[in-house]
Each structure stands twice: as structure tokens, then as C-alpha cells.
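Beneath this line is the structure, given in C-alpha cells, with notes to follow.
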Amino acid sequence: MNKRFRHRRQTFTLSGILLGLLLALSSCSFPGVVSTSEQLPQVNQAEPTPQLPPIHFPQDEGAHNKLTEWWYYTGHLNATSGDGKTHHYGFEMVIFQALRSNLPPVYASHFAISDITRGEFHYDQRRRVVSSAAIPDGTSTQGINVNVGDWSIRGLDGHDHLAASMKDYTVDLNLLARKEPVLHNKDGLITYGLAGYSYYYSRTNMEISGTIIDHGQHMNVTGKAWMDHQWGNFLTLGSGGWDWFSLQFKDNTEIMLYFIRDASGKILSTYIGYIDAQARDYLIPAQALQTSVLGSWTSPQTHITYPSGWKLTINDQHVQATLTITPQLKDQELVVYPSTGNVYWEGAVSISGQLNEKPVDGEGYIELTGYAPKTA
């Protein structure tokens, strides 16, 4: 890769190189997985732990000197307007950081609002190059402090702040973690085989307060968010895809699961984590899960067909569940070629069913990538 970039340096401008780097980050819209054509090991409790330093807080909340890093937030907002009308929204906000060789840091960001009340989906994207920025070293105790223009993420010890705006929508959100962070795979290290290792933790239950400006109307909001932070020296190796689910239930429990697929659609790896009401994290074996797709949706813009609606069944000693998951809007597709070189579906969903022998409902977010038709 370095040789390729040296060749580009000779033939293209610096901005061209940096745009190429951003395109290389096309998989970074997914919190937790990279696409690869190589076989990935199954994530399970018997997997050996690499000899890497453990996660430390608050130092590891901030930026690191690693190839790839992101801070990723999704959630649901509730508001009441002056006329007494209730409003419901989903939102996504993410900032990616890319460090390559001696090039300046590159940042990209996506901000999306699922306006469930209006039945509309809106998003925007940004990118920037910070030519004079100091390279982060992962030792700061000041927490998260990243921005792309006036879109910003700040946070320390589970007290986070998000600010972003686009046409017709502005959010100013305070997030308070109600549980300790979950270190995925128990130690916060996920392996991708030849693609490398990544640190990965989530704050699965964050209480939201703040404001939204919706078409000029200023409203206070409450809600719940999910936060992912991932970093490491890993890169995309192939052209597969993934389905990622973050599920938050009204009984104060959460489930995260994802499937990594190769270019043919074959599932290479499955991860399932269940977080109980006391914030205990259980790693669930892949064989405990059964899934079925209930429908599909075809984008009128990209003509990509995505699954739309799911039934999940989990049968394990720690969690038994039968869940139906329904998109709150069919169209929640982001076409973000200028910022990260890719297209994906990420949207708010509703959940109903049975969890540990009790009726349950909730909300969540699902991300779908790699569904574009493969070209020869």
C-alpha cells in the first residue's frame, strides 16, 4: 500500500491522494467489522487473546495513532412541539479518523435523521484534512474531542455531547451512560485474521437530553443512544459485507450481533453479545442463533435491494428470545461516496417479541453493507 501511495504522490495532487485514502475507508461505516475475502475465525470464548495492551479509561476514549478509528452514535429521540404534537426521530452521527504513513490525518463524518413522524429520511456528510494537526498518541485523559467543521463529538467517562446540523435539522445532545462500557469479546479485542486486530467497546445504554431544531421549530428531546468506539491497525481486504444489529429493550437489556459475509454472501463470522439489566455481558455462541429475513426493499436511487424485516431466535442459557424487527422507515439508505466512498443502509427499527419468557419491545439500529451487485 505504501508503494502505491508513493506512486500516486508522483502523479496526483495531495488532495487526490487523500480522497483515495477516504475511498479506502469504505468499510469504516460499520462499527465493529471489516469486509474481507479471507476466512475470518469464528469469534468465541475459546479464541486466543493477542498480546496487546488492555483498554484503559479514560485514555482510550480519545484518539489513537492507529490506521483506522471511529466514534459512532445511533439512537432515538422523542419531543413535543408547542402545539402538543409528539415527534419521534432516529439519528446517526459518526466521525472517522484515518492515519496513513506520514500523510495528514483525514476525518469523515455522517449525520442522519430518520424523521419517523414525517416519514422522511435525511442525511449529510463531510470530510476534512488536518494538515497541521498533531498525531494523537492515545495517552490523553481528556476523553473524546473530535470534529469535522462544526459537527463535534466531546465526551469523558460516559458524559458525551454531540452537535450537528444540516438542512432543516440541528441537534445539540447530551448523553449520559447508564451502564459501564462493554468490552466486546470480553477483553475489547476483535480479530479479523489477516486484516488485523481491533479494539472495540460500546456504551449500550445512554440517556439523552438536549434539543432539536426541526424545520425551524425548537424542541427539547429525550431518548436513548448507543455508542461504539473502535480503533486499530486494520484495513479492508476484500469486497464482502455485514449486517450489524444494536437492540435496546425496555427492560434495560441490550443485544449486539453482527454477521460478516464474503463476496458471495456466505457468512464467515457471527458475533452475539447480550447485556443484562445489571450490565453483565454474555458472549453467546453462534449456534444459539437462528435468523430469517421477512422482506426486502429496493432503493429507487441506487437500485440496491436490502433485506427489510427480520425474525431472530436465540436459545442459550443466558438469554432466550424470539424477536421480530421492523424498520421504522423503509428508506434509510446513505449514499456517501464523496466522504467515505460507499453506500449503505442504516436505520431505526422497532422490536417486539419474547425475551427470557416475558413480552418485550424496544428500538434499535441496523446497518447493512455489501448488498450492491458485484461487478466482474
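If you use mature numbering (1 follows the signal peptide of the UniProt record, and there is no 0), the sequence shown corresponds to residues -31 to -1, 1 to 345, in order.
Ideal placement from N, C-alpha and C gives every residue a C-beta, glycine not left out.
Within the DSSP secondary-structure output, P269 pairs in no beta bridge. Judged by DSSP in its simplified three-state form, Q297 adopts coil rather than helix or strand. Residues N34 of the same chain have their beta carbon placed closer than 6 Å to that of D106, with the five preceding and five following residues left out of the count.
In chain order, P27, Q28 place their CB closer than 7 Å to the CB of T110, counting only its own chain and leaving out the 5 sequence neighbours on each side. Per DSSP, S238 is one residue of the beta strand (DSSP E) stretching across 236 to 244. Burial is judged here by how many other beta carbons sit within 10 angstroms of a residue's own beta carbon; H45 has at least 16 and is buried. Pairing Y166 with P23, the inter-Cα distance amounts to about 13 Å.
Nearest Cα to T49 within the set G31, F80, G192: G192. Counting every other CB atom within 10 Å of its CB across the protein chains shown gives N311 a total of 16 or more, marking it as buried. Just so you know, the alpha carbons of S70 and A103 end up roughly 14 Å apart. Counted as a single uninterrupted DSSP element, the beta strand (DSSP E) harbouring P276 occupies residues 274 to 276. Taking 7 Å as the cut-off, the beta carbon of N189 is found no closer than this to the beta carbon of R147.
Under the 8 Å Cβ criterion, the stretch 250 to 266 counts as touching the stretch 275 to 285, having at least three qualifying pairs. Under the three-pair Cβ rule at 8 Å, the stretch 70 to 79 does not count as touching the stretch 229 to 240.
Within the same chain, Cβ atoms closer than 6 Å to the Cβ of E30 are found at G112, I113, the five residues on either side in sequence being excluded.
In the structure shown, the three-state DSSP call for Q111 is coil.
Taking C-beta atoms under 8 Å as the contact rule, Q297 and V318 qualify, at a distance of about 6 Å. With respect to the C-alpha of K299, the residue from S308, L263, F218 having the closest C-alpha is L263. Taking the C-beta atoms as reference points, Y251 is found no nearer than 7 Å to T43.
Taking the CA atoms as reference points, D245 sits about 14 Å from V329.
By the CB criterion at 7 Å, G331 and K219 fall inside the cutoff. A Cβ-Cβ separation of about 5 Å places G157 in contact with Y168 under the 8 Å criterion. Within a 10 Å sphere around the beta-carbon of D52 sit fewer than 16 other beta-carbons, which makes this residue exposed. Scanning the stretch 170 to 250 for uninterrupted beta strand (DSSP E) segments of 3 residues or longer gives 186 to 201, 210 to 218, 223 to 230, 236 to 244, listed from N- to C-terminal end.
T86: not part of any beta strand (DSSP E); DSSP gives it neither H nor E. In the DSSP assignment, S308 falls within the alpha helix (DSSP H) that extends over 306 to 309. Sequence-distant partners of T293 (beyond 5 residues in either direction) whose C-beta falls short of 6 Å from its own C-beta, in its chain, are K280, S321, G322. Each residue's CA atom was taken as its position, placing P307 and F90 some 19 Å apart. In the structure shown, the three-state DSSP call for E38 is strand.
Going by C-alpha positions, F60 is about 11 Å away from Y41. Taking a contact as a CB-CB distance under 8 Å, the pair T139 and I85 does not count as one, their CB atoms being some 18 Å apart.
Shown here for L142: same chain residues with a beta carbon closer than 6 Å to its own, the five before and five after excluded, namely L131, I177, G179 in chain order.
Proximity to Y275 across P254, H287, Q301, T291 peaks at Q301, based on C-alpha coordinates.
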